[in-house]
Structure formats: C-alpha cells, structure tokens
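Protein chains: 2
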Amino acid sequence: MSVTAVRTARAPREARERFRRGLRATTAGWAPGFAQANLLAVPADWAYDVLLFCQRNPKPCPVLDVTDAGAWTTPLAPGADLRTDLPGYRVWRHGVPVEEPTDVLRHWRKNLVSFLIGCSFTFETALVAAGVPMRHVEQGRTVPMYTTRRPCRPAGRLHGPMVVSMRPVPPELLGAAISESALLPAVHGGPVHCGEPGGLGIADLSRPDFGDAVEAAPGDIPVFWTCGVTLQAVVAASRPPFALTHAPGQMFVTDARDEQNRVA
Amino acid sequence: MSVTAVRTARAPREARERFRRGLRATTAGWAPGFAQANLLAVPADWAYDVLLFCQRNPKPCPVLDVTDAGAWTTPLAPGADLRTDLPGYRVWRHGVPVEEPTDVLRHWRKNLVSFLIGCSFTFETALVAAGVPMRHVEQGRTVPMYTTRRPCRPAGRLHGPMVVSMRPVPPELLGAAISESALLPAVHGGPVHCGEPGGLGIADLSRPDFGDAVEAAPGDIPVFWTCGVTLQAVVAASRPPFALTHAPGQMFVTDARDEQNRVA
Numbered sequence: 001m002s003v004t005a006v007r008t009a010r011a012p013r014e015a016r017e018r019f020r021r022g023l024r025a026t027t028a029g030w031a032p033g034f035a036q037a038n039l040l041a042v043p044a045d046w047a048y049d050v051l052l053f054c055q056r057n058p059k060p061c062p063v064l065d066v067t068d069a070g071a072w073t074t075p076l077a078p079g080a081d082l083r084t085d086l087p088g089y090r091v092w093r094h095g096v097p098v099e100e101p102t103d104v105l106r107h108w109r110k111n112l113v114s115f116l117i118g119c120s121f122t123f124e125t126a127l128v129a130a131g132v133p134m135r136h137v138e139q140g141r142t143v144p145m146y147t148t149r150r151p152c153r154p155a156g157r158l159h160g161p162m163v164v165s166m167r168p169v170p171p172e173l174l175g176a177a178i179s180e181s182a183l184l185p186a187v188h189g190g191p192v193h194c195g196e197p198g199g200l201g202i203a204d205l206s207r208p209d210f211g212d213a214v215e216a217a218p219g220d221i222p223v224f225w226t227c228g229v230t231l232q233a234v235v236a237a238s239r240p241p242f243a244l245t246h247a248p249g250q251m252f253v254t255d256a257r258d259e260q261n262r263v264a
Numbered sequence: 001m002s003v004t005a006v007r008t009a010r011a012p013r014e015a016r017e018r019f020r021r022g023l024r025a026t027t028a029g030w031a032p033g034f035a036q037a038n039l040l041a042v043p044a045d046w047a048y049d050v051l052l053f054c055q056r057n058p059k060p061c062p063v064l065d066v067t068d069a070g071a072w073t074t075p076l077a078p079g080a081d082l083r084t085d086l087p088g089y090r091v092w093r094h095g096v097p098v099e100e101p102t103d104v105l106r107h108w109r110k111n112l113v114s115f116l117i118g119c120s121f122t123f124e125t126a127l128v129a130a131g132v133p134m135r136h137v138e139q140g141r142t143v144p145m146y147t148t149r150r151p152c153r154p155a156g157r158l159h160g161p162m163v164v165s166m167r168p169v170p171p172e173l174l175g176a177a178i179s180e181s182a183l184l185p186a187v188h189g190g191p192v193h194c195g196e197p198g199g200l201g202i203a204d205l206s207r208p209d210f211g212d213a214v215e216a217a218p219g220d221i222p223v224f225w226t227c228g229v230t231l232q233a234v235v236a237a238s239r240p241p242f243a244l245t246h247a248p249g250q251m252f253v254t255d256a257r258d259e260q261n262r263v264a
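Right under this line is the structure:
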C-alpha cells in the first residue's frame, strides 16, 4: 500500500465507515490532523444540566457541538451517523454501564440530545509534529486515563470527579508539549498537572481507571491533561436514568481540522 | 490624588459600589486588568436556548458564568449584586427595550437565570500595554458597536445577527492588536474583520447602532471584534417575553483578572 493510500484510508470519512461496519479499535493516531470527539447523549430533560456542567468545567468538557433533540447528525462531520460511526459505545442506566455495543441503533430515542466534547487525541498531531513521542500509539494501546480526587464544579443534578489522560514526556520536550497543547483550548488545552501523580490523588500509574497502562522511557515525566471521559465519571456519580457515551478511547472522528481549534 | 489612589478607586469593588450608588458611565477603562462582562438574564424556561446559542456562537458569546435560577451572585465577583452593580440596565419585553434603569431590583424575578458573557473591554488592557491607542477611551466615548449582516447560528427559539465593536488601529500596531486579543478567546479573541466595513454589511461607521461614533486618526484601520451585545440583537429578533441586560457599554466589572482568560 502506498503512503497516499494509507493517508486516504485514514481520512475521517473512511475511518468512520470502517467503524460503522463494526471495526473496534482505539482511534488514537487515526485521521491525523482531524479533531476527535467524546460523545454523551442524554434525554432532553437532562440537556441543560449537561450543557451547564460543561460551561462550568470547560477544561475537561470543551463543547464542540450539541445536536437538536433526536438528531444523529452534526455539522462537524456531514454525512456521519452518531449512532453507528464510533468504534464502540457504552449504554448507561442509572449511572451503570450495562452494555458496550458497536452501534446504538436499537438504543436510540427520539428525545436524545448529543454532546460532542473535545478530545486530547486531537492535540497529539501537534505534539508529534513537535517531536513529542506518543508512547501509547507506539505501543498500540489506548491512552491511560485516571479518575482524580479533584471534584468538578457541580451543575444542577450533575457532579463528579475530573478524569485525566496521561502521556509520558521526555523532559527536554516538556515545554513543547505544554505550549503546543495550550494553544488548543477547545481540545483541553495545556496540562493540569505534571510529575508526581499523587498531586491528583492517583495512587498507581500502572493501574489506570480507563484505557491501558503505558510504558514510560527512563526519565520521562508523566503529564496529565483533562479528559472528556470526565463526563462518564459524572454519569456514574450522578445517575441519570439513561445515557449513551463512546467507549473510552474509541472516539468520534470528525471532519474538522485541528487548526480550526487553534487560537493563535 | 496619587497614582495609587487612582488605581485603588478603579479597583473592581469600588467601581461596582459607585455604580450601585447610581453613577452612570461606560465602564471602558475602569479597573484595568480585571475582566468585564455582558449581562443577559432570562426566565429559566429560556435558559437552555441561551446557553445553546452561546455554545454555537462562542466568538460573540463566550460564557464566563451562569447563575442558578434566581441567584444574583457570581463567583466572578464575590459580594457583588447583579441587580444593582452595573451602571445601567435594559428591561426587555417581547424583544423591545422598555426601560433603562440604574438597577433592576423591582424587575427581578426568582426564576431568572443570569448569563455573564465576556467583553472586549477586557482585552483593551492588553492592547494598551502593547501600545495600541484606545480612541474611544481617549475621546471619553462608549466604543462604537454595529449590527452586521452576518447571522449567528440559531439555537432553539433564538436567532439574530452578529454585533461587533470597532476600534481604529494604526497599521503598524495591527499585528499586536490581533495577536494580543487572539490569546484571549474567552473575551472574543481576535478580530473577525479588518478594514472595509462593507464586508460586514456596515454602511456607515459614523452611525453606530450602539455606543458613540469615534474619531480615527489618519491611516487608522477599522478593526472589528465580535461583541456581547449580539445577545441584545438576538433578544430583539427573537422576542422572549422578558429579559434583562446591561445597557451597551455599561458592563459588569468582575474580580477576575484578565490573565485568567489568557490561553498562552
């Protein structure tokens, strides 16, 4: 396969088609240069609480789009179907994940409002371009995510802890990793913490709450960014009667270019 | 009066106290270094539409805070009272401004949700520090604001045109004006347009829709930033039964430092 073909196969539309046909994989490294998104769909009577929660917690929950009730389309990816085009979903009932299907066609309800939330996979392209290695991509793993002891600011019926993703960064590249991601606030912006994981209440880096543990190289500093999976921790803590989300690490690949989220 | 005394008199709390006692003035240049905010308060059953509208139009409507229904306090300025601490308000009924009082105590309702929206006055401090003259402040006028022909993206029952503020900038300082404001996306970020006002559908710079016309120096380029008064154009176009806003140019002065809104 030529380089061109590989690039084409990785374009957002083709990625979504493969996931629609049932391929299950983490989307890290897919369609580089295009923004990826977390999904949370809730019944309309919970939509205000979710939107207010995101407004009050913009770093873990930067909103990229909100659909009208019942719609499974988004201007972020014309032609895409939010019910089928992610590799994996979670179905939540009263705060408990009860199923992890590859589509949610039979779980769909006409009053569902879908929230698409920025994902740190989006800034990975900029970090790679700056020479920062992505250990989880190199190792074929889902980025490790950890539930912290930092509470988010509550909104209405919603509350819960902040979740972070972690990437080991060589110390000489820490500056680049921080400044490149800081320019992309719509996809979490700069890190919330570097170094000692105890500062976030994380006991053991080898046991992530979501995703896979990743091998650091000697000298690497663990760098923590807020993570859209925060909303899943919030669903678990706040127990809305029904919700749909993506499966952690298995994101919605949009047609929006990373540059559109860059502030300067 | 010493420089220190002047600075103290301009601190946010003292500014708010003077406005609470009835002083009516544009807040441009007051409490430099502290963020200012647009106010829109609507009945709770309109709050979701407003929040969704802001999410879909983040450049004119960057949300800094949303109160719980009925609350007149905000963490952006502990001790402040949103009903009295702005120099001037507008009371809207069915999309028509019916009154411009200096407080809204007797108009307050216990189901009102208040939105505080970033204001371009906030980045003026950074522009001044970069040497960019603020013609409207020098001339003792309210910044000129214009209703454009660019529609915002609708949300629920809300729709309307984008409103912009205009500052004449010497060409050699255009770069600084753009890059300094771009780093402050929570207060509108970089300009949406520079130069020929016809590009935004503005016929005559000498006749602003809000605020005062301002004298440009020879060679100045008109630079247009999105403006939180957009929400007032939206109220006028969408006609909710009741709304309260600030009077254009007479903002809520918060205790939040400008730097808190800076991304890099």
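Top to bottom, those sequences are chains A and B. Under my numbering, the first residue of the first sequence is numbered 1, with each subsequent residue one higher. Under my numbering, the first residue of the second sequence is numbered 1, with each subsequent residue one higher. Ideal Cβ positions, reconstructed from N, Cα and C, are used throughout, including at glycine.
What are the partner residues of B/S114, as DSSP defines its beta bridges? B/A41
Go through its chain and collect everything with a Cβ distance to B/A216's Cβ below 6 Å, but skip five positions before and after it. P168
Test item: CB-CB of B/F123 and B/D258 under 9 Å: yes
Same chain, Cβ closer than 6 Å to B/V229, neighbours up to 5 away in sequence not counted: M145, V163, F210 and P248
Start-to-end residues for the alpha helix (DSSP H) that takes in A/D258: A/D258 -> no alpha helix (DSSP H), and no H or E assigned at all.
Measuring only the C-alpha atoms, how far is B/G219 from B/P171? 7 Å
Helix, strand or coil for A/A9? Go by DSSP, reduced to three states. The pLDDT assigned to A/A9 is 32, lower than 50, so where the model puts this residue is not dependable; a value taken from the coordinates is nonetheless given after this. Three-state result, A/A9: helix.
DSSP three-state label for A/H46, please. The residue asked about is misnamed: residue 46 of chain A is Trp in this sequence, not His. Correct three-state label for A/W46: helix.
Is the CB-CB distance between B/L205 and B/M166 below 9 Å? yes
What's the call for B/P185, buried or exposed, on a 16-neighbour Cβ count within 10 Å? buried
On the three-state DSSP scale, how would you describe A/L64? strand
Which residues in chain B have a C-beta closer than 7 Å to the C-beta of A/L76? List them in chain order. Within 7 Å Cβ-Cβ: nothing; A/L76 doesn't reach chain B, min ~12 Å.
Quick check: A/A130 and A/A182, are their CB atoms within less than 9 Å of each other? no
Using beta carbons (cut-off 9 Å, strictly below), is B/A5 in contact with chain A? Summary for B/A5: the model assigns pLDDT 33, below 50, so the residue's position carries little reliability, and this model does not support an answer.
DSSP three-state assignment for B/R16, whether helix, strand or coil: helix
With distances taken between CB atoms, is the gap from A/V113 to A/V50 smaller than 9 Å? yes
Chain B contact for A/L173 (CB, 9 Å cutoff): no
Alpha helix (DSSP H) containing B/T84: first to last residue? No alpha helix (DSSP H) holds B/T84; DSSP gives it neither H nor E.
When you compare only the Cα positions, how much space is there between A/P224 and B/E17? Here residue 224 of chain A turns out to be Phe, not Pro, going by the sequence shown. Looking at the two C-alpha atoms, the distance is approximately 42 Å.
Can you tell which of B/R93, B/A41, B/V63 and B/A126 has its C-alpha closest to the C-alpha of B/G29? B/A126
Closest to B/V66 by C-alpha separation, out of B/P60, B/K59, B/R56 and B/L82, would be which residue? B/L82
For A/L23, I'd like the list of residues in its chain whose CB is within less than 7 Å of its CB, leaving aside the five on either flank, ordered along the chain. P87
For A/P158, the residue or residues it bridges with in DSSP: Note on identity: in this sequence residue 158 of chain A is Leu, with Pro being the wrong assignment. Bridge partners of A/L158: A/A155.
List in chain order: all unbroken beta strand (DSSP E) runs of 3+ residues lying wholly within the segment 226-260 of chain B. 242-246 and 252-257
So with Cβ pairs under 9 Å, would you call B/A31 a contact of chain D? Of the chains in the structure shown, none is chain D; the protein chains are A and B.
Cβ pair B/V235, B/T245 closer than 9 Å: yes
If you count every other CB in all the chains shown that lies within 10 Å of the CB of B/P78, and 16 or more means buried, which is it? exposed
Which of helix, strand or coil does DSSP assign to A/Q55? helix
Have a look at A/A44, A/T84, A/A237 and A/F19 and flag the residue whose alpha-carbon is nearest the alpha-carbon of A/G160. A/A237
Just the Cα atoms here: how many angstroms apart are B/R20 and A/L105? 56 Å
Spell out the partners DSSP gives B/Q139 in its beta bridges. None, per the DSSP bridge assignment.
Closer than 9 Å to chain B by CB, A/L52: yes
Alpha carbon to alpha carbon, what distance is there between A/A243 and A/A47? 11 Å
In chain B, what lies closer than 7 Å to A/A47 by C-beta? Y48
If you follow the beta strand (DSSP E) that A/E180 is part of, which residue opens it and which one closes it? Element bounds for A/E180: not the beta strand (DSSP E) but the alpha helix (DSSP H), L174 to A182.
Would you verify that the beta carbon of A/P151 is, or is not, closer than 9 Å to some beta carbon of chain B? no
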